[in-house]
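Working notes, beginning with the structure itself.
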Amino acid sequence: MEGHAPRNRSTPFLGVDSPRDPLVRYPRFLHREHDSDGGDMGEPDTSGESLHPLKTGWLPSGRLIAFTCLACAATLLFLPARTGPSKSMRHAIPLPGRIPDVNASIPPAQGKVVSGTVRPGDTLASLLSQHLSAEEIQQVARSTRKVFHPRRIRAGNPYHILLENDAFDRFVYEIDGEEQLVIRKEGPSFEITREQIPYAVQAVVVRGEVSTNLFAAMEAAGEDPELATRLAEIFAWEVDFLRNLQKGDSFRMLVEKRFRDGRPCGYGRILAAEFRNDRKTWQAVLYEDSNGRTAYYSPEGKSLRKTFLKAPLNYTRISSGYTKRRLHPITRTWKPHPAIDYAAPAGTPVHAVADGTVLEAARNPFNGNYVKIRHANGYQTLYLHLSRFAKGIRKGSSVAQGQVIGFVGATGLATGPHLCFRITRNGKPVDPRRLDSASLSAFSPKDLARFKTRAKALLARLDEKPAGPRGAAKVASRNP
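Going by our numbering, 389 is the number at position 406 of the sequence shown; the sequence numbering is gapless.
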């Protein structure tokens, strides 16, 4: 249960050392958000959370009393924007010259668009202060909190103010790459909504061959390296992208490219994908079943998601394997080691390998901080020597596959930062590397027939000629 983390704190990823920790082993839809530095999940960002300096120059002197009431009623509206990127942001969206769904409704001779990026210290009130009165801002404050809390406005995100005959018409703030906040003036009142950002979408083929690493291969194909992460997430249960990539491995995928005003704006869904590694070929098709569940499946209809993750963390190396006899480095005694020790930097997030219920989240002199989880079919997993537990992890709490449960440490009998990971079934030790992890989910006969028809059509499109770097010039369809 002991191991030393190497001095190099970077984590090998997709065949290249990278200080980032994108958690490629865990598909994105399984993640629970966590701070990149190992902080508790869901903790509010309190940086710079002071009241914005009041700018009263724009207020008529006769409204000072009204503004005082406004300050009390809408205090949260004036809290400054958070710095840093939004956690839900998946694609960098270039600021467009115009907004297709908004500007189209404004005659060019009358309409005007003021576009910008939220700066540190900006608030919703300060952004609207040049266009609305104190009473109107108070009205917006009361309504906006029901739809999108003003404190969640983040520095770096784009916004647009639309004026008609120099009067305020609407305000559009891009929450992330998928949604926008829209404040419309409707006579004396305001309509506040959250809406999907409209994109033009075209499905195109992307293909490439690995020479050094998957990132470089994706860039050589003329695509954003983010697509490499997305591809690795799909085949995370089949291919060890950290260690088993080889020169000559290849990939093909049918991916949605998104556009605004003819400009590329990142990617939508990967509809189908193929990866060839070590003379083996894996294929995946995205499918939504009759119950509304969306996942990736093999052409035969088997889910690519398995009961257990291959490993509970992104590790640097295995410092001690599963064995019946090992010399303990601290006690200097020979004893079985029915576990795998994963060396990793202190603070590395540790994930539950399967859905389950926490039986113990405690500490003792030998295991240090540890978590024990009960899973289906008599399985239990143990995670030892944690530096601390993730927020909400306690006895009786439910956890989902891929959820962060704690962080790598060196508590208890440990010679350095690492995770000691154990699996038992009906009380008997199981070698994690020999665990037969079954596929999850099964189609109904009706769903299976429908899936195979769709899979055949999508996989056939992988033979199409690639659209070229950064996507096609013509955009054929609209995102629903």
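Quick reminder that beta carbons are idealized off the backbone N, C-alpha and C, glycines included.
Residue 402 is positioned such that its CB atom lies closer than 8 Å to that of residue 327. In this structure residue 289 is buried. Its beta-carbon is surrounded by 16 or more other beta-carbon atoms within 10 angstroms. For residue 219, there is no enclosing beta strand (DSSP E), since its DSSP letter is neither H nor E.
When only Cα atoms are considered, residue 195 and residue 229 end up about 8 Å apart. Rounded to the nearest whole angstrom, the CA to CA distance from residue 431 to residue 287 is 15 Å. In the DSSP assignment, residue 234 falls outside any alpha helix (DSSP H) and lies within the beta strand (DSSP E) extending over 233 to 243. DSSP places residue 189 in the strand class (E or B) of the three-state scheme.
With contacts defined as CB atoms closer than 8 Å, residue 238 and residue 186 qualify as a contacting pair. With respect to the 8 Å criterion, residue 101 and residue 143 are not classified as neighbours on the basis of their beta carbons. A distance below 6 Å between beta-carbons, with the five flanking residues on each side excluded, links residue 406 to the following residues of its chain, in chain order: 364, 413, 415. The Cβ neighbour count for residue 171, taken over all protein chains shown within 10 Å, is under 16; the residue is labelled exposed. Per DSSP, the unbroken alpha helix (DSSP H) holding residue 436 starts and ends at 428 to 443. Ranked by Cα distance from residue 103, the first of 356, 94, 141, 129 is 141. Counting the other Cβ atoms within 10 Å of the Cβ of residue 322 gives 16 or more, which makes it buried. A distance of 8 Å or more separates the beta carbons of residue 368 and residue 339. As computed with DSSP, residue 346 is found in a beta bridge with 352.
For residue 236, the closest of 154, 112, 204 by C-alpha to C-alpha distance is 204. Assignment of residue 260 by DSSP, reduced to helix, strand and coil, places it in the strand class. When secondary structure is reduced to three states using DSSP, residue 121 falls in the helix class.
The beta-bridge partner set that DSSP reports for residue 109 is empty. Between residue 164 and residue 153, the CB-CB gap reaches or exceeds 8 Å. Residue pairing from DSSP places residue 277 in a beta bridge opposite 271. Each of 262, 325, 127 was checked against the Cα of residue 399, and the nearest Cα belongs to 325.
Assigned with DSSP and collapsed to three states, residue 170 falls in coil, not helix or strand.
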